[in-house]
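What follows is a short report on a single structure.
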Ligand SMILES: [Zn+2]
Ligand SMILES: [Zn+2]
Ligand SMILES: [Zn+2]
Ligand SMILES: [Zn+2]
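Protein chains in written order, with the UniProt record's numbering: chain A, 15 to 465; chain B, 15 to 465.
The structure is reproduced here in structure tokens:
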């Protein structure tokens, strides 16, 4: 009474052989590393609207052409300007100390004269929320919550709320500024930036992150039970009147049989204006460009088109992704499946699909191909693509999300320490192999991933 | 024909019991941690001649008194001033990048306008030495040698030559400045300072260290084979006309039977003007003060006097130690034995003695007491005490050197990252137990360690 089901494979024997060749090639090539080395050495950091951003667009177009992409083009993305300026934070009393601080992205400044006030300390954002309106009037709110370290990075979600909404919540309670422990797992005197938002109708107050050791120090000073006075100067500026321009950079390996059907692999081209953006998102850029190149070098083009999308302005609010889904709205149904890399710096250990029920067998087949690389198929089938590409998932694009080891990622994320030396060439080869194999499989499998 | 030798123990059974009590107490107490927390929170960094140095002297006197030392006093140490100013380093061409740099201690400045020149790259100090005089005239010399990581820190000795003598050697070859990879094993955008010296009769040129990732970047830029232009600004100043004052801080637990005989345990009170000097040398300060306190709390005072010496101005050239041996020259023979802590941040795994041949049995006996803490007795008997205390060894004081795990130490050494969070409370307990047991044993053993 045993039932044996033989499922037909999507890839022919020959295609499977090509897939294994692509795997071997990605595991032997250091192309993705060389791409990241080139970007970080010749461009460096690249916040939207900076000279680095402009250079990175030229760099990406040139690199795609050099790598033999069939089509390369840019699509403009605009926004208004934010200027970081400088940040200075000091404990004035009872024990003077300089602290390492960085403005949160989008924060208003303090003015050149800075502000000095007593500190109101909260262990968590929930504690700050629970404070009575007016209870910390004239004070600098300080949230000392420390991000937890986890392989899947879920400590980030628990910590990032203070960064995004903390300033407006503190302002509601009467605070004149927010300082917070960085959203990061390291112990360096290096603060983590990242985007923040002001709620409508609430006084905009300056917001900065302290490095972990400085947050520890401030907590220890506060433990003495005396009033603690802090000086904060941020010369950040929101310039709503200045339009800045960037661009999504898109390149394709054209499909041979169904060129209109698109397998999208992406990363974001911009970075914060600290470090060289080697991890965030240099890693993604390296692996998706290398993946398309490896496939483009095959004697026969893949059936579907491989589209590499390097999104603009992810860090400041996914602006490139929003623009992309607007511009390509009519063509969204031709995006047959997509995946992005914008997280972690270790080996991929898990893959999650987000496809139609009938496509699950194809996903299982693909999972078998990458299983020897240490990648397990998650039981859920509700994946949204990472980061920018999630905007395409939201428009109905079938998606895959690959989970790399994120244990170390938030040691470096959005800091000056996001540099090339943090890239592990061996892990990157595995990552590149997975993305290459995914793109090839998706371009060859005769499956409608929406079904 | 087997010979059995029964060696009499130096400690009586009762004294051994006290030793075990002291061990247990040090392993349970967090006093040494609390001392470091207090110093780093209430004082912070403390380069000779700064406000922090002045505060640290008051802090140390107060702390020794609070810990029940019998006598506490200071001995003045003077020097001339060096001002760090600010440091700015940038790659100007072909790929502009900001670099993280720090002035070496004692360097002259560049003037407010800074200097810009092409880079002459050397992999090692030996390569720089081998360059022909005049061969790099008008250039900025860059030595990219990377320090090796070892448990005993011996990579430091191989790397530090560039820091100490590099500027004068570069100047001999015609260079107008020296930039070097930091003497450090980390991958942080945090540069390592430390003292440098100018050779007599050679042009004094500015000298700065780059963080490891910035040195990597500069190497990668240089690999492109185009001329690389760097801008360097140091506003450092040597002020030979300004006399600055500091002090050795000395405290004692007076001996009950031979109060004139001194067991010296030491550390240095000063630090570089970066970080909070939690490791260098907060660790040493915490453990020697706690050791003396634990012994001071015994119902019966030890036979010999325990003298805690917190040396001034170690970082800028062992000035406190030099002053100490000058002032105490006549009394040096009463310094029966000594040990300092000024290295590493892990567990002690080795002890090396430097005593008279007849005292070796006593050293072996002591080694047996600390063996359960994981400390092995090294076969050599030629120890010089660490750092400052080495100046007393050189004057004939018998010495012990305890080797802690130094694997991580040079990640933090002389950087902004030398902060309290790097102190491992458990390792520190072991360290404190060893120093406490050493001081008690040395104060009780009826041995002339010179013999
Ligand atoms: Zn990102
Ligand atoms: Zn990011
Ligand atoms: Zn030291
Ligand atoms: Zn030092």
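Backbone N, C-alpha and C define an ideal beta-carbon position, used for all residues, glycine too.
Query, Result
"Alpha carbon to alpha carbon, what distance is there between residue 343 of chain B and residue 180 of chain B?", "34 Å"
"So what does DSSP say about residue 386 of chain A, is it helix, strand or coil?", "helix"
"With distances taken between CB atoms, is the gap from residue 139 of chain A to residue 176 of chain A smaller than 8 Å?", "yes"
"My guess is that residue 319 of chain B and residue 267 of chain B are in contact by the Cβ rule of under 8 Å, so how many angstroms apart are they, rounded?", "7 Å"
"Looking at residue 451 of chain B and residue 383 of chain B, is the spacing between their C-beta atoms short of 8 Å?", "yes"
"Quick one: grab the DSSP three-state call for residue 296 of chain A.", "helix"
"Please classify residue 253 of chain B as buried or exposed, where buried requires at least 16 neighbouring CB atoms within 10 angstroms.", "exposed"
"Would you say the beta carbon of residue 295 of chain B is closer than 7 Å to some non-hydrogen atom of ligand 3?", "yes"
"Tell me, please, whether the segment 299 to 306 of chain A touches the segment 418 to 425 of chain A by the rule of three or more beta-carbon pairs shorter than 8 Å.", "no"
"Looking at ligand 2, does it come within less than 7 Å of residue 329 of chain A, judged from the CB to the closest heavy atom?", "yes"
"Leaving aside the five residues before and after residue 87 of chain A along the sequence, list all residues of the same chain whose C-beta is less than 6 Å from its C-beta, in chain order.", "264"
"Establish whether the CB of residue 60 of chain B and some CB of chain A are separated by less than 8 Å.", "no"
"Can you find a heavy atom of ligand 1 that lies under 7 Å from the Cβ of residue 111 of chain B?", "no"
"Determine whether the Cβ of residue 293 of chain B lies closer than 8 Å to any Cβ atom of chain A.", "no"
"With distance defined between alpha-carbon atoms, name the residue in B/250, B/243, B/433 and B/326 nearest to residue 222 of chain B.", "B/250"
"When you compare the CB positions of residue 402 of chain B and residue 360 of chain B, do they come within less than 8 Å of one another, or not?", "no"
"Can you round the beta-carbon distance between residue 385 of chain B and residue 50 of chain B to whole angstroms, since I take them to be within the 8 Å contact cut?", "So it is not a contact: roughly 27 Å between Cβ atoms."
"Mapping DSSP to helix, strand and coil, what is residue 376 of chain A?", "helix"
"Find the nearest neighbour of residue 415 of chain B within the set B/440, B/461, B/445 and B/434, judged by alpha-carbon distance.", "B/445"
"Answer yes or no: does any C-beta atom of chain A fall closer than 8 Å to that of residue 56 of chain B?", "yes"
"How big is the Cα-Cα spacing for residue 328 of chain B and residue 354 of chain A?", "53 Å"
"By the 7 Å beta-carbon criterion, what residues does the segment 84 to 113 of chain A contribute toward chain B?", "109 and 111"
"Going along chain B, which residues have a C-beta under 8 Å from residue 226 of chain A?", "435"
"Evaluate residue 58 of chain A with the Cβ neighbour count: other Cβ atoms within 10 Å of its Cβ, from every protein chain shown; 16 or more gives buried, anything less gives exposed.", "buried"
"Starting from residue 439 of chain B and walking both ways along the alpha helix (DSSP H), at which residues does that stretch end?", "439 to 458"
"With residue 482 of chain B as the anchor, note down where its beta strand (DSSP E) starts and where it stops.", "Residue 482 of chain B is absent from the model: chain B starts at 15 and stops at 465."
"From the beta carbon of residue 328 of chain B, is the nearest beta carbon of chain A less than 8 Å away?", "no"
"To the nearest angstrom, how far is the alpha carbon of residue 211 of chain B from that of residue 182 of chain B?", "8 Å"
"Considering only the alpha carbon of each residue, which of B/427, B/442 and B/465 lies closest to residue 39 of chain B?", "B/442"
"DSSP on residue 176 of chain B, reduced to helix/strand/coil?", "helix"
"Helix, strand or coil for residue 137 of chain B? Go by DSSP, reduced to three states.", "coil"
"Take residue 227 of chain B and list the residues in its own chain whose beta-carbon comes closer than 7 Å to its own, dropping the five residues that flank it on each side.", "201 and 203"
"Short of 6 Å in beta carbon distance, which residues of its chain neighbour residue 391 of chain B, apart from the five on each side in sequence? Order them along the chain.", "365 and 381"
"Beta carbon of residue 103 of chain B, beta carbon of residue 224 of chain B: below 8 Å?", "yes"
"By a C-beta neighbour count over all protein chains shown, 10 Å radius and 16 as the cutoff for buried, is residue 28 of chain A buried or exposed?", "exposed"
"Could you tell me whether any non-hydrogen atom of ligand 2 is closer than 7 Å to the CB of residue 428 of chain A?", "yes"
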